[in-house]
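Structure record follows, encoded as structure tokens.
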Amino acid sequence: MTSPETTPQSRTGSAFDPASATIAIVTYNRSGLLSRLLESIASMDPQPGHVVVIDNASVDDTTDVVESFRDRLGTELVYRRLDTNTGGSGGFSEGMRTAYDLGSTWIWLMDDDVEVIPDGLARMGAWAPRFKSVQGRRYDYDGSEFYWQYRLSIPLGIPIPFAPADFDERGYREMNSGCFEGMFIHRDIVEKIGLPDPRFFIYWDDSVYGWLASQHTTSVIVNEFVLKRTREIKQWDMGIRHLNASSNAYRYYIMRNRGHMKHYFQTHGAYRPVRFAAGTALTFAKELIRLFFVERTVRGTSNLFRGMRDGLRLARDRSWSPMPPLTPRG
């Protein structure tokens, strides 16, 4: 694992200003986890210029928890409670918009079920002079190294499950995907590709957004552990990789949102109908395996079929249009 002092990028280019960064968090009815995350941010050194919390209309004590940290953080706290639950997609879209409107140069997105490593921002900022779309690494709940599938097969529209996990002396690997649990992105890229698309609600939103970013800049995952997951998820241990448990909502949206993904690929000239259909079939099969072998049940298959049906309808929607670019602030 490299450090900000030894990373080559920290010795070249302009210095990174932590005050230019905003951490944008999306939360929903998980005040206990959110409290742990905010506690970790309070202990960070350095701290960002702003912390934005987007609350997806939680009905627990999230508001009270956020307010309890207003005087404890060494930075400005911005709290937005939405009127309805817009899903992770809508929350991250609003979080990105809020951070952008605050004038942030760098926007660091994360869910409420992680903690930030104390020098995490310094570790990410060490790469800022060289790259404009950066993903750090995460520890899993048990402290092991969490593997994230950082490359997509664009023709199939699915992650490549066995992309190399190791790093060479450069300390990074190029990626063509994204994950909102830790995406660190420059405002210049946000201006070009627009905000995350809230229509996804959940699933594939960050994959597509990261792919769009990679069309405008060299996107990388760096060998820096900056987050730790704080929520234990039931898994099937497959040796090198793990397969996590899911939910009926995820099963529905992972199939339905293939329609949105198809439109984005088609808009950018990357849609290959036969291979994309094969990727959709592989996604369906993977979710069946997840259902049978991780969750040990057959209940939930109807959500996959319903999602596939609605995804096909969505794919045929001729009125669909992508998220527009943002207008730079004058």
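Using this note's numbering, the letters of the sequence shown map in sequence onto residues 62 to 391. By construction, the Cβ of each residue, glycine as well, lies at the ideal position given by its N, Cα and C atoms.
Margin query: Can you tell me which residues form a DSSP beta bridge with Tyr233?
Written below: Val283
Next item on the list: Ignore the nearest five residues each way along the sequence and tell me which others in Tyr202's own chain have a CB closer than 6 Å to its CB.
Entry: Arg290 and Glu293
Next item on the list: Output the distance between the C-alpha atoms of Ala376 and Thr388, rounded to the nearest integer angstrom.
Entry: 28 Å
Item checked: Trp167 - DSSP class collapsed to helix/strand/coil -> strand
Next item on the list: Could you please give the first and the last residue of the uninterrupted beta strand (DSSP E) stretch that includes Gln196?
Entry: Ser194 to Tyr200
Next item on the list: Would you mind working out which of Arg336, Arg357, Thr278 and Leu365 sits nearest Arg312, comparing C-alpha positions?
Entry: Leu365
Check: What is the rounded straight-line gap between the Cα of Arg317 and the Cα of Leu373?
Finding: 8 Å
Item checked: Ala274 versus His247 - alpha carbon distance -> 10 Å
Next item on the list: Just mark Ile315 as buried or exposed, buried being the case when its beta carbon has 16 or more other beta carbons within 10 Å.
Entry: buried
Notebook entry, point to check: So does Asp173 have its beta carbon nearer than 7 Å to some heavy atom of the ligand ATP?
Noted result: This structure lacks the ligand ATP, and indeed carries no ligand of any kind.
Note to self: Report the CB separation of Met236 from Arg212 in whole angstroms; it is logged as a contact under 8 Å.
What the structure shows: 6 Å
Notebook entry, point to check: With 16 other CB atoms within 10 Å as the buried threshold, where does Pro257 fall?
Noted result: buried
Item checked: Option in Leu349, Tyr208, Phe345 and Val283 with minimal Cα separation from Arg184 -> Val283
Next item on the list: Take every Cβ of the stretch 116-124, pair it with every Cβ of the stretch 207-223, and state whether three or more of those distances are shorter than 8 Å.
Entry: no
Notebook entry, point to check: Of all the beta strand (DSSP E) runs that stay within the bounds of the stretch 128-180, which reach a length of 3 or more residues?
Noted result: 137-142, 167-172 and 175-177
Next item on the list: Return the chain-ordered list of same chain residues with a C-beta closer than 8 Å to the C-beta of Pro165, the five sequence neighbours on each side being excluded.
Entry: Note that residue 165 corresponds to Ser in the displayed sequence, not to Pro. Closer than 8 Å at Cβ, skipping near neighbours: Ser81, Ala82, Thr83, Gly110, His111 and Arg248.
Check: Touch check for the stretch 181-201 and the stretch 258-266: three-plus C-beta pairs under 8 Å?
Finding: no
Notebook entry, point to check: Among all the DSSP beta bridges, which residues are the ones paired with Val113?
Noted result: Ala85 and Val139
Next item on the list: Verify whether the separation of the beta carbon atoms of Gly99 and Asp174 is less than 8 Å.
Entry: As written in the sequence, residue 99 is Leu, which differs from the Gly given in the question. It is not a contact, given that the beta carbons lie outside the stated cut-off.
Next item on the list: Would you tell me roughly how many angstroms separate the C-alpha atoms of Ser96 and Arg198, rounded to the nearest one?
Entry: 22 Å
Checklist line | Whether His324 touches Trp381 by CB criterion (8 Å) | finding: yes
Next item on the list: Assign Thr145 to one of two classes, buried (16 or more other C-beta atoms within 10 Å of its C-beta) or exposed (fewer than that).
Entry: exposed
Item checked: Residues that Arg290 bridges to, as DSSP identifies them -> Val175
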